[in-house]
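S.K.:
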Amino acid sequence: MALHYRTCPFCEATCGLEVETQGSEVVSVRGDKEDVFSRGFICPKAHGLKQLHEDPDRLRTPLVRRDGELVEATWDEAFEEIDRRLSPLLAEHGRDAVAVYLGNPIVHNLSGVLYGPAVLRALGSRNIYSASTVDQMPKQVSSGLMFGTMLSIPLADVDRTDHLLILGANPLVSNGSLLTAPDMRGRLRAIRERGGKVVVVDPRRTRTAEEADEHHFIRPGTDAALLAAMACTLVEEGLADPGPLREHLNGLDEVMELVRGFPPERAAGACGIPAEEIRRMARELAAAPRAVVYGRVGTCTQEFGTLASWLVDVLNVLTGNLDREGGAMFAQAAAGQRNSSGNGGSGRGVRLGRWDSRVRGLPEVFGELPVSCLAEEIETPGEDKVRALITLAGNPLVSTPNAERLQRAVGGLEFQLAIDLYVNETTRHADVVLPAPQPLERSHFDLAFYQLSVRNVANYSPAVFEGEGPAEWELLLRLAGVVSGQGPNADVAAIDDLVVSTLVQREVSMPGSPVEGRDAAELIAELEPRRGPERILDLILRVGPYGDAFGAAAGNGSPALTLDELERNPHGVDLGPHRPRLPEMLRTPSGKVELAPESIVADLERLRPVLSRKLNGDMVLIGRRHLRSNNSWMHNLPALVKGKDRCTLHIHPDDARRLGLDDGGRALVSSAAGRIEAPVELTDGIMPGVVSIPHGWGHDAPGVRMRVASEHAGVNSNVLTDETKVDPVSGNAVLNGIPVRLQPI
Ligand code: SF4
Numbered sequence: 000m001a002l003h004y005r006t007c008p009f010c011e012a013t014c015g016l017e018v019e020t021q022g023s024e025v026v027s028v029r030g031d032k033e034d035v036f037s038r039g040f041i042c043p044k045a046h047g048l049k050q051l052h053e054d055p056d057r058l059r060t061p062l063v064r065r066d067g068e069l070v071e072a073t074w075d076e077a078f079e080e081i082d083r084r085l086s087p088l089l090a091e092h093g094r095d096a097v098a099v100y101l102g103n104p105i106v107h108n109l110s111g112v113l114y115g116p117a118v119l120r121a122l123g124s125r126n127i128y129s130a131s132t133v134d135q136m137p138k139q140v141s142s143g144l145m146f147g148t149m150l151s152i153p154l155a156d157v158d159r160t161d162h163l164l165i166l167g168a169n170p171l172v173s174n175g176s177l178l179t180a181p182d183m184r185g186r187l188r189a190i191r192e193r194g195g196k197v198v199v200v201d202p203r204r205t206r207t208a209e210e211a212d213e214h215h216f217i218r219p220g221t222d223a224a225l226l227a228a229m230a231c232t233l234v235e236e237g238l239a240d241p242g243p244l245r246e247h248l249n250g251l252d253e254v255m256e257l258v259r260g261f262p263p264e265r266a267a268g269a270c271g272i273p274a275e276e277i278r279r280m281a282r283e284l285a286a287a288p289r290a291v292v293y294g295r296v297g298t299c300t301q302e303f304g305t306l307a308s309w310l311v312d313v314l315n316v317l318t319g320n321l322d323r324e325g326g327a328m329f330a331q332a333a334a335g336q337r338n339s340s341g342n343g344g345s346g347r348g349v350r351l352g353r354w355d356s357r358v359r360g361l362p363e364v365f366g367e368l369p370v371s372c373l374a375e376e377i378e379t380p381g382e383d384k385v386r387a388l389i390t391l392a393g394n395p396l397v398s399t400p401n402a403e404r405l406q407r408a409v410g411g412l413e414f415q416l417a418i419d420l421y422v423n424e425t426t427r428h429a430d431v432v433l434p435a436p437q438p439l440e441r442s443h444f445d446l447a448f449y450q451l452s453v454r455n456v457a458n459y460s461p462a463v464f465e466g467e468g469p470a471e472w473e474l475l476l477r478l479a480g481v482v483s484g485q486g487p488n489a490d491v492a493a494i495d496d497l498v499v500s501t502l503v504q505r506e507v508s509m510p511g512s513p514v515e516g517r518d519a520a521e522l523i524a525e526l527e528p529r530r531g532p533e534r535i536l537d538l539i540l541r542v543g544p545y546g547d548a549f550g551a552a553a554g555n556g557s558p559a560l561t562l563d564e565l566e567r568n569p570h571g572v573d574l575g576p577h578r579p580r581l582p583e584m585l586r587t588p589s590g591k592v593e594l595a596p597e598s599i600v601a602d603l604e605r606l607r608p609v610l611s612r613k614l615n616g617d618m619v620l621i622g623r624r625h626l627r628s629n630n631s632w633m634h635n636l637p638a639l640v641k642g643k644d645r646c647t648l649h650i651h652p653d654d655a656r657r658l659g660l661d662d663g664g665r666a667l668v669s670s671a672a673g674r675i676e677a678p679v680e681l682t683d684g685i686m687p688g689v690v691s692i693p694h695g696w697g698h699d700a701p702g703v704r705m706r707v708a709s710e711h712a713g714v715n716s717n718v719l720t721d722e723t724k725v726d727p728v729s730g731n732a733v734l735n736g737i738p739v740r741l742q743p744i
């Protein structure tokens with residue numbers, strides 16, 4: 000028997016697990032009571048780790064398509080096939096002929112985060128797509144424009160706030176998104192126990208709403224109108240007061256003037272929330288000693304996603320709650336950026352729209368294009384059309400808009416490669432599928448989520464089991480070798496050395512780096528004998544805000560975090576609560592918070608007509624999240640799909656009566672994009688005029704090799720979503736507020 004301490008890789012909460020093994024068997028998975036962050040908390044998904052390890056459907060051997068069938072092959076055969084198919088295509092049609100789609104699990108994967116970029120750089124394609132433009136890009140864009148980087152996202156300080164206003168998020172089920180916080184139920188209850196208040200705005204009475212003091216139904220897609228109306232209230236009633244923040248703000252007067260155009264009395268009809276309630280919510284937000292607004296998926300996956308995401312932080316600024324305890328604060332992650340030295344932060348800021356998508360002309364955002372464009376980039380003739388697709392831990396045929404169009408488009412590709420755990424709805428079309436190591440076969444450190452964490456912590460987990468194939472970083476670098484023209488048997492170790500050398504060179508030549516001017520070769524030698532992700536992680540930690548700076552910080556009272564230190568602390572290292580970081584964390588060119596970014600302010604014009612919208616009896620579709628599910632990829636684990644069917648159409652009883660739908664019956668749901676049949680579930684927990692179907696389902700497609708998932712297939716809600724509808728500033732898909740028609744079957 001052996002005990003292993005791991006960080007759970009299944010969602011953003013980063014809970015500590017105690018995994019008991021015997022030989023190659025997982026005996027049990029429990030919460031790690033000594034974990035410095037989660038203190039033993041886990042949710043039911045954690046038990047899926049054992050079933051994922053045992054899952055007979057999980058891929059262990061590469062698959063190559065021969066005579067139309069995916070058949071087992073050796074790793075060498077698989078890479079030879081990739082080289083045989085991909086290299087001529089790149090040579091003849093150029094780099095943009097090959098698109099890449101990065102799925103959400105990549106960001107939970109240390110090798111994926113560290114070595115995925117090496118593949119993308121080696122490929123050099125502009126056709127990079129990811130799950131980020133499905134559900135979170137608006138927040139990254141608004142934060143990037145306001146604060147200077149794509150991860151400078153203000154985080155609700157839930158552990159110290161007195162008033163938490165949540166829009167479009169269900170953290171009791173998600174355990175936080177762009178807000179890493181194990182045990183959200185406990186944290187929200189603690190707000191109320193210390194006399195604070197939790198308010199939820201959502202078209203559904205979610206589990207979070209049931210725990211809250213107050214819940215307001217809101218018409219999907221109108222969060223920006225509500226938030227603007229709240230900001231207007233603050234300004235009109237003399238409650239807007241950023242306090243000491245004022246000296247760090249650009250554009251305050253402009254924003255205060257702009258929001259005056261959105262009085263609650265005009266927004267109420269569109270939102271479905273009475274004007275007096277909107278004003279009261281704004282007054283209470285301003286009056287609370289410490290308050291914060293948190294908006295998430297529902298505020299991003301809509302036509303005004305960037306506006307809504309921006310207005311969340313406008314409210315945090317206007318109430319003086321940005322960068323203060325109990326308000327919206329910035330993490331200082333062990334592997335994140337240091338504060339800049341001197342009197343104020345400044346940097347290059349973010350540059351968006353460096354290129355446009357070929358067909359629709361949508362702008363690039365943080366190096367990628369909106370995934371809503373992918374189908375048209377494959378289908379539309381032209382020398383520079385997309386001819387091949389590489390998916391890394393992604394299932395875009397289920398998780399991106401207008402799934403049926405994308406499926407037709409993918410059918411016309413000249414080559415498709417997937418790295419994945421399963422043959423799923425997307426990878427069944429691939430010509431080569433490389434099995435990804437399962438989580439217990441890889442080391443873990445949450446590079447991304449500790450930058451979004453409500454407390455500064457760091458926790459590293461070594462792999463529990465030896466993988467059956469190459470380590471993930473090795474297979475990614477082997478792929479980088481193919482796409483860079485080195486053939487199927489590139490020297491992976493040499494590419495790794497090059498990656499590390501480039502990173503170290505960048506550090507020693509970066510002004511303000513703690514190793515500025517040091518000898519790169521000496522630093523690389525100090526990282527010996529580590530290789531792969533551990534070597535890069537050690538480097539990042541050592542030059543990070545708590546790092547030993549390769550000895551420069553030792554003995555002077557500064558912290559001295561290294562990977563060695565994390566290995567000595569299997570329950571993690573607590574780096575303390577957030578502290579105010581303005582202005583030193585800013586990376587805007589001005590060194591100020593840009594409260595009125597030009598592209599966002601310009602988009603306000605699009606919001607004005609929404610104020611005249613009235614609820615007209617039409618039905619609109621939204622998604623929903625379940626505690627036992629995270630997108631599409633956990634549905635082959637029996638523990639997570641057992642029980643009653645969860646992929647149902649939620650509808651209010653009044654709407655059901657009007658439309659002739661019965662509880663337990665079936666409905667034909669149609670939209671501009673497509674139609675599906677779904678089982679009907681009546682609930683007064685949804686706003687009249689709104690129906691909800693969870694996304695990530697529809698596992699009954701031929702060729703899918705996920706037996707459990709196929710038995711609990713559900714329907715693919717993204718057959719109904721429309722790839723032509725995006726939030727124009729971020730390019731994010733619009734998945735909420737889709738007009739639908741319903742009829743009984
Ligand atoms: S809340 Fe998230 S991180 Fe924690 S156990 Fe559940 S799935 Fe894992």
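Numbering (my numbering), first residue to last: 0 to 744.
Positions of the beta carbon are idealized from the N, C-alpha and C atoms, including for glycine.
Within 7 Å: the Cβ of F36 and any heavy atom of the ligand SF4?
M.R.: As a working note, residue 36 is residue 37 in the sequence shown. No.
S.K.: Give the DSSP-derived three-state secondary structure of F414 in the structure shown.
M.R.: Residue 414 sits at position 415 when you count from the first residue of the sequence shown. F414 falls in the strand class under three-state DSSP.
S.K.: Would you say the beta carbon of N174 comes nearer than 7 Å to a heavy atom of the ligand SF4?
M.R.: As a working note, residue 174 is residue 175 in the sequence shown. Answer for N174: yes, Cβ within range of the ligand SF4.
S.K.: Rounded to whole angstroms, what is the Cα-Cα separation between F414 and P438?
M.R.: For the purposes of this step, residue 414 is taken as residue 415 along the sequence shown, with counting starting at 1. For the purposes of this step, residue 438 is taken as residue 439 along the sequence shown, with counting starting at 1. Cα-Cα distance, rounded: 28 Å.
S.K.: Thinking C-alpha only, which one of H694, D56, G22 is nearest N759?
M.R.: Residue 759 lies beyond the stretch modelled for the chain, which goes from 0 to 744, so this question has no answer here.
S.K.: Quick check on this structure: which residue in A223, P153, P55 has the alpha carbon closest to the alpha carbon of A327?
M.R.: Within the sequence shown, residue 327 is the residue found at index 328, counting from 1. Of the listed residues, the one whose Cα sits closest to A327 is P153.
S.K.: Quick check on G143: buried or exposed, where buried means 16 or more other Cβ atoms within 10 Å of its Cβ?
M.R.: To locate residue 143, count along the sequence shown from 1; it is residue 144. By the 10 Å Cβ count, G143 comes out buried.
S.K.: Within 7 Å: the Cβ of K49 and any heavy atom of the ligand SF4?
M.R.: As a first step, residue 49 is located in the sequence shown; it is residue number 50 there, counting from the start. For the ligand SF4, not one heavy atom lies less than 7 Å from the Cβ of K49.
S.K.: Can you tell me which of the three DSSP states L144 falls into?
M.R.: Stepping through the sequence shown from its first residue, residue 144 is reached at position 145. Residue state, collapsed to three classes: helix.
S.K.: To which residues of the same chain is A519 closer than 6 Å at the C-beta, ignoring the five residues directly before and after it?
M.R.: Position 520 of the sequence shown, counted from the start, is the residue given in the question as residue 519. Closer than 6 Å at the Cβ level, and outside the excluded window around A519, lie V503, Q504, V507.
S.K.: Taking only beta-carbon positions, decide if G543 is within less than 8 Å of chain D.
M.R.: Checking the listed chains, one finds no chain D in this structure; it contains a single protein chain.
S.K.: Considering just the uninterrupted stretch of the alpha helix (DSSP H) at K49, what are its terminal residues?
M.R.: For the purposes of this step, residue 49 is identified with residue 50 of the sequence shown, where counting begins at 1. Per DSSP, K49 belongs to the alpha helix (DSSP H) from 47 to 53.
S.K.: Return the CA-CA distance between K591 and C646, expressed in angstroms with no decimal places.
M.R.: To locate residue 591, count along the sequence shown from 1; it is residue 592. To locate residue 646, count along the sequence shown from 1; it is residue 647. Their backbone Cα atoms lie some 46 Å apart in a straight line.
S.K.: For the beta strand (DSSP E) holding E17, just list the boundary residues, first then last.
M.R.: Position 18 of the sequence shown, counted from the start, is the residue given in the question as residue 17. Note, E17: beta strand (DSSP E), 15 to 21.
S.K.: Any idea what DSSP makes of L631, helix, strand or coil?
M.R.: As a working mapping, residue 631 is identified with position 632 in the sequence shown. Correcting the residue type first, residue 631 is Ser in the shown sequence and not Leu. S631 sits in coil when the DSSP states are folded into three classes, being neither helix nor strand.
S.K.: Mapping DSSP to helix, strand and coil, what is S669?
M.R.: Reading the sequence shown from its first residue, position 670 is the one you call residue 669. Strand at S669.
S.K.: Just tell me which of G47, S131, V234 has its CA closest to the CA of E253.
M.R.: Taking the first residue of the sequence shown as position 1, residue 253 is located at position 254. It is V234.
S.K.: Regarding S13 and the ligand SF4, is the C-beta to nearest heavy atom distance less than 7 Å?
M.R.: For the purposes of this step, residue 13 is identified with residue 14 of the sequence shown, where counting begins at 1. As written in the sequence, residue 13 is Thr, which differs from the Ser given in the question. Checking every heavy atom of the ligand SF4 against the Cβ of T13, one is found closer than 7 Å.
S.K.: Apply the 10 Å Cβ neighbour rule to N488 and answer buried if 16 or more other Cβ atoms are within range, or exposed otherwise.
M.R.: By 1-based counting over the sequence shown, the position of residue 488 is 489. The residue is exposed, with fewer than 16 neighbouring Cβ atoms inside 10 Å.
S.K.: Could you check whether L178 and L368 sit closer than 8 Å to each other, using their CB atoms as the reference points?
M.R.: Looking up residue 368 in the sequence shown gives position 369. Looking up residue 178 in the sequence shown gives position 179. For L368 and L178, no; Cβs fall outside 8 Å.
S.K.: Which stretch, first to last residue, makes up the beta strand (DSSP E) that contains H3?
M.R.: Taking the first residue of the sequence shown as 1, we reach residue 3 at position 4. 1 to 6 is the span of the beta strand (DSSP E), which, as asked, contains H3.
S.K.: Going straight from the alpha carbon of S86 to that of V482, what length do you get?
M.R.: Numbered from its first residue, the sequence shown carries residue 86 at position 87. Numbered from its first residue, the sequence shown carries residue 482 at position 483. Their backbone Cα atoms lie some 7 Å apart in a straight line.
S.K.: What is the C-beta distance between R159 and E302, in whole angstroms, given that I count them as a contact (C-beta under 8 Å)?
M.R.: By 1-based counting over the sequence shown, the position of residue 159 is 160. By 1-based counting over the sequence shown, the position of residue 302 is 303. Rounded, the Cβ-Cβ distance is 34 Å, inconsistent with contact.
S.K.: Considering only residues of the same chain and omitting the five flanking positions on each side of R674, which have a CB-CB separation below 8 Å?
M.R.: Stepping through the sequence shown from its first residue, residue 674 is reached at position 675. Taking C-beta separations shorter than 8 Å and ignoring five residues to either side along the sequence, the partners of R674 in its chain run L667, V668, V718, L719, following chain order.
S.K.: Count Cβ pairs between the segment 119 to 137 and the segment 304 to 316 that sit closer than 8 Å; are there 3 or more?
M.R.: yes
S.K.: Starting from L187, follow the alpha helix (DSSP H) in both directions and report where the run begins and ends.
M.R.: Here residue 187 refers to the residue found at position 188 of the sequence shown. Unbroken alpha helix (DSSP H) run through L187: 183 to 192.
S.K.: Enumerated in chain order, which unbroken segments of the beta strand (DSSP E) with a length of 3 residues or greater are wholly contained in the segment 188 to 234?
M.R.: 196 to 200, 213 to 215
S.K.: Can you tell me which residues form a DSSP beta bridge with G543?
M.R.: On the sequence shown, position 544 is the one that residue 543 refers to. None, per the DSSP bridge assignment.
S.K.: Please confirm whether N423 and V703 have their CB atoms less than 8 Å apart.
M.R.: Walking along the sequence shown from the start, residue 423 turns up at place 424. Walking along the sequence shown from the start, residue 703 turns up at place 704. Yes, they are a contact pair.
S.K.: What's the C-alpha gap between T318 and V292?
M.R.: For this step, residue 318 is matched to residue 319 along the sequence shown. For this step, residue 292 is matched to residue 293 along the sequence shown. Take the alpha-carbon of T318 and the one of V292: they are about 10 Å apart.
S.K.: Keeping to the same chain, check which residues put their C-beta closer than 6 Å to that of G102; ignore five residues upstream and five downstream.
M.R.: What you label residue 102 is simply residue 103 of the sequence shown in a count that begins at 1. Counting only Cβ-Cβ distances below 6 Å, and skipping sequence neighbours, we find A130, A392, G393.
S.K.: CB M584 to CB G344, shorter than 8 Å?
M.R.: In the sequence shown, residue 584 corresponds to position 585, counting from 1. In the sequence shown, residue 344 corresponds to position 345, counting from 1. Closer than 8 Å, so yes.
S.K.: Identify, in the order they occur along the chain, each residue of the same chain with its Cβ nearer than 6 Å to the Cβ of D355, setting aside the five sequence neighbours on each side.
M.R.: Sequence index remark: in the sequence shown, residue 355 carries index 356 (1-based). When the five nearest sequence neighbours on each side are left out, the beta carbons in the same chain lying within less than 6 Å of the beta carbon of D355 are those of P362, in order along the chain.
S.K.: Could you check what DSSP says for G242 in three-state terms: helix, strand or coil?
M.R.: As a working mapping, residue 242 is identified with position 243 in the sequence shown. Looking at G242 - three-state DSSP - the assignment turns out to be helix.
S.K.: Between which two residues does the beta strand (DSSP E) containing I675 stretch?
M.R.: If you number the sequence shown from 1, residue 675 lands on position 676. Looking at the DSSP string, the run of the beta strand (DSSP E) that includes I675 is 674 to 681.
S.K.: Considering Cα atoms alone, identify which of A548, G575, G167, V499 is closest to V35.
M.R.: As a working note, residue 35 is residue 36 in the sequence shown. Considering only alpha carbons, the answer is G575.
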